[in-house]
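Enquirer: Below you will find the structure I want to go over with you.
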DNA sequence: TCGCATAATACGTTATCCATAATTATGAGC
DNA sequence: GCTCATAATTATGGATAACGTATTATGCGA
């Protein structure tokens with residue numbers, strides 16, 4: 009008895025599970041997805057699975073090659089170079105729109121999250137820092153209250169998760185990341201929109217550069 | 009005997025046909041899509057149709073309400089206000105990246121298209137102007153050579169097509185649009201990236217404003 | 001070893017059926 | 001006559017089996 013609260017369709021649930029497996033690199037980029045086998049594995053028929061794959065395909069997580077099946081998307085360094093500036097632009101814009109609409113209470117709430125960020129950094133609690141960081145960005149996007157902007161950002165964020173390096177990139181630059189966040193938060197507090205926007209833009213781009221630097225040392229796959 | 013070169017899947021073809029029908033407002037926003045009826049109409053089974061609908065849903069052209077069926081997306085003025093600045097940002101960025109990568113030959117080719125634009129404007133040939141305009145934007149995006157940026161722009165462009173006013177917006181401001189294009193082209197010719205980017209940004213936003221103004225007069229639906 | 005015919009595999013699609021949820025119609029009770 | 005609960009209807013979401021066909025793998029002969 010699943011006793012689901014949310015009666016989401018099966019294909020959506022399967023899509024979500026696949027997403028998680030792809031993000032966790034349980035299914036590595038480039039690998040072929042056997043429809044029948046996967047359907048059997050989940051104990052479902054091919055129909056909802058195929059629908060789920062179409063959803064993932066439009067998110068860019070997998071690629072559907074006609075008559076040749078479904079493959080998990082592989083991100084090249086080139087793709088990262090293409091995506092990061094785009095993300096920087098979009099997250100910058102989200103910050104812009106968020107600050108336009110934010111009440112003082114909203115800003116206070118952001119400050120709260122930022123305080124947690126500071127605390128986690130001091131205590132060197134990586135996981136919590138990571139989480140608070142995500143929450144900060146998420147809250148900003150929520151304040152921007154632009155569903156189109158939001159969906160674009162979220163889609164690209166999903167794609168970035170294909171790169172296993174991504175989540176690691178923060179670790180090496182926790183201190184630096186904190187400084188950048190501090191700048192952004194300061195700009196937000198004085199409601200300097202363009203400064204906050206630029207701060208976010210630079211913050212995201214810095215993430216890309218950190219990632220580029222570590223590409224020589226920890227080579228994950230062959 | 010279709011003798012297709014590209015053996016696109018049926019669900020893709022159906023998706024494309026539906027797109028065209030939605031763009032042409034043959035199926036108006038808000039209307040419910042009867043799966044069985046549509047499948048019968050195209051002489052296909054429900055399976056590929058449902059897959060097609062999932063693709064359209066992730067493009068934002070239709071909305072899938074769980075257990076309640078599929079509805080063509082309705083754009084509110086609010087949505088337009090959300091999307092246009094985003095498009096402006098993205099097309100601006102595309103112009104930026106295009107100009108970074110463009111050879112002199114590429115710029116010459118853009119100039120050619122622009123010349124056609126000028127000519128069509130002088131002769132007041134609306135349809136051709138419209139087409140050349142599209143080609144100009146398309147060429148820029150192609151030069152940007154960033155598949156992620158491209159796909160985001162194209163998706164949003166599709167969504168904008170839901171608004172029947174959109175294509176009309178050019179008509180009323182053909183002269184103004186030409187002037188803006190002239191500015192952009194000039195910046196491109198001297199390779200002034202930031203000026204070209206800003207020119208494109210303003211150009212798109214001007215489209216939104218023109219559209220807002222005409223909303224009082226030609227009210228299409230109730 | 002290479003080229004080509006054959007077999008195997010799996011995708012894309014059809015058709016049919018079913019359970020469930022949403023909608024509408026119906027009818028009892030006040 | 002109106003409200004509310006129940007029943008009938010309808011459509012979605014999913015399962016299953018089957019089939020044509022394009023792709024890939026295999027094997028045979030030259």
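Chains as they are written, first to last, in this note's numbering: chain A, 9 to 230; chain B, 9 to 230. Glycine included, every Cβ here is placed at the ideal spot set by N, Cα and C. Quick caveat, the model's predicted, so the values are computed rather than measured.
With 16 as the cutoff for other CB atoms within 10 Å, does residue 58 (chain B) come out buried or exposed?
Expert: The residue is buried, with at least 16 neighbouring Cβ atoms inside 10 Å.
Enquirer: Taking the beta strand (DSSP E) that residue 72 (chain B) belongs to, which residues open and close that run?
Expert: Unbroken beta strand (DSSP E) run through residue 72 (chain B): 70 to 73.
Enquirer: What's the call for residue 132 (chain B), buried or exposed, on a 16-neighbour Cβ count within 10 Å?
Expert: With fewer than 16 Cβ atoms within 10 Å of its Cβ, residue 132 (chain B) is classed as exposed.
Enquirer: Taking 8 Å as the threshold (C-beta atoms), are residue 80 (chain A) and residue 121 (chain A) in contact?
Expert: In this structure, residue 80 (chain A) does not lie closer than 8 Å to residue 121 (chain A) by Cβ.
Enquirer: For residue 110 (chain B), which option in B:186, B:143, B:152 and B:51 has the closest C-alpha, if you only look at C-alpha atoms?
Expert: That would be B:152, whose Cα lies nearest to the Cα of residue 110 (chain B).
Enquirer: Anything in the stretch 193 to 224 of chain B with a Cβ closer than 9 Å to a Cβ of chain A? List those residues in chain order, please.
Expert: Hits within the stretch: zero.
Enquirer: Ends of the alpha helix (DSSP H) at residue 100 (chain A)?
Expert: Looking at the DSSP string, the run of the alpha helix (DSSP H) that includes residue 100 (chain A) is 85 to 109.
Enquirer: Are the C-beta atoms of residue 17 (chain A) and some chain B residue less than 8 Å apart?
Expert: Yes, contact with chain B.
Enquirer: Quick one: Cα of residue 168 (chain A) to Cα of residue 96 (chain B), how far?
Expert: Each residue's Cα considered, the two are about 24 Å apart.
Enquirer: Output needed for residue 219 (chain B): all residues of its chain with C-beta closer than 6 Å, excluding positions within five of it in sequence on either side, in chain order.
Expert: Around residue 219 (chain B): 173 and 177.
Enquirer: Which residues in chain A have a C-beta closer than 7 Å to the C-beta of residue 22 (chain B)? List them in chain order.
Expert: Near residue 22 (chain B) there are no residues of chain A at all, since even the closest Cβ is about 12 Å away, more than 7 Å.
Enquirer: Closer than 9 Å by beta-carbon distance: list the chain B residues that pair up with residue 101 (chain A), in chain order.
Expert: By Cβ distance, chain B contributes 93, 94 and 97.
Enquirer: Report the residue from B:90, B:92, B:63 and B:154 whose alpha carbon sits nearest the alpha carbon of residue 27 (chain B).
Expert: Residue 27 (chain B) has its Cα closest to that of B:63, out of B:90, B:92, B:63 and B:154.
Enquirer: Where does residue 63 (chain A) fall in DSSP's three states?
Expert: Note: residue 63 (chain A) maps to helix in three-state DSSP.
Enquirer: To the nearest angstrom, how far is it from the Cα of residue 189 (chain B) to the Cα of residue 51 (chain B)?
Expert: If you take the alpha carbons of residue 189 (chain B) and residue 51 (chain B), they lie about 45 Å apart.
Enquirer: Please identify the residue among B:165, B:87 and B:161 whose C-alpha is closest to the C-alpha of residue 94 (chain A).
Expert: Closest by alpha carbon: B:161.
Enquirer: Just the chain A side, please: which residues come within less than 9 Å of residue 67 (chain B) by C-beta, in chain order?
Expert: Chain A residues near residue 67 (chain B): 66.
Enquirer: For a contact defined as C-beta to C-beta under 8 Å, what are the partners of residue 154 (chain B) on chain A?
Expert: Here the neighbours are 90 and 94.
Enquirer: Does the stretch 30 to 44 of chain A come within contact of the stretch 74 to 88 of chain A, defined as at least 3 CB pairs closer than 8 Å?
Expert: The stretch 30 to 44 of chain A is in contact with the stretch 74 to 88 of chain A.
Enquirer: Please name the residue or residues paired with residue 79 (chain B) in a DSSP beta bridge.
Expert: Residue 79 (chain B) is bridged to B:40 and B:71.
Enquirer: Measuring straight from C-alpha to C-alpha, what distance separates residue 140 (chain A) and residue 31 (chain B)?
Expert: Answer to the nearest angstrom: the Cα atoms are 42 Å apart.
Enquirer: Looking only at its chain, what residues have a beta carbon closer than 6 Å to the beta carbon of residue 92 (chain A), apart from the 5 residues adjacent to it on each side?
Expert: 216, listed in sequence order.
Enquirer: Could you tell me which of B:24, B:61, B:107 and B:71 sits nearest to residue 203 (chain B), measuring between CA atoms?
Expert: Of the candidates B:24, B:61, B:107 and B:71, the one whose C-alpha sits nearest the C-alpha of residue 203 (chain B) is B:107.
Enquirer: Below 7 Å on C-beta distance, what does residue 5 (chain B) contact in chain A?
Expert: Since the first residue of chain B shown is 9 and the last is 230, residue 5 (chain B) is not available in this structure.
Enquirer: Just by C-beta distance, which residues in the stretch 128 to 145 of chain A are closer than 8 Å to chain B?
Expert: Of all residues in the stretch 128 to 145 of chain A, none has a Cβ within less than 8 Å of some Cβ in chain B.
Enquirer: For residue 71 (chain B), collect the residues of the same chain with a Cβ closer than 6 Å to its Cβ; drop the 5 residues on either side in sequence, then sort them by chain order.
Expert: Answer for residue 71 (chain B): 79 and 81, listed in chain order.
Enquirer: So, at 8 Å on beta carbons, what are the nonlocal neighbours of residue 210 (chain A) in its own chain, with the 5 sequence-adjacent residues on each side left out?
Expert: Within the same chain, residue 210 (chain A) has close Cβ partners 96 and 188.
Enquirer: Does residue 71 (chain B) have its Cβ less than 8 Å from a Cβ in chain A?
Expert: Answer no: the Cβ-Cβ gap between residue 71 (chain B) and chain A never drops below 8 Å.
Enquirer: On a CA-only basis, which of A:179, A:166 and A:73 is nearest residue 24 (chain A)? Give me that one, please.
Expert: Of the listed residues, the one whose Cα sits closest to residue 24 (chain A) is A:166.
Enquirer: Indicate the three-state DSSP secondary structure (helix, strand or coil) for residue 18 (chain B) in the structure shown.
Expert: Reduced to three states, the DSSP call for residue 18 (chain B) is helix.
Enquirer: Give me the residue from B:127, B:137, B:194 and B:85 with the minimum Cα distance to residue 180 (chain B).
Expert: For the residues B:127, B:137, B:194 and B:85, the minimum Cα distance to residue 180 (chain B) belongs to B:137.
Enquirer: First and last residue of the alpha helix (DSSP H) that includes residue 186 (chain B)?
Expert: Residues 182 to 197.
Enquirer: If you count every other CB in all the chains shown that lies within 10 Å of the CB of residue 10 (chain A), and 16 or more means buried, which is it?
Expert: Low confidence applies to residue 10 (chain A): its pLDDT is 35, below 50, so where it sits in the model is not reliable, and the reading given next is rough at best. That one is exposed.
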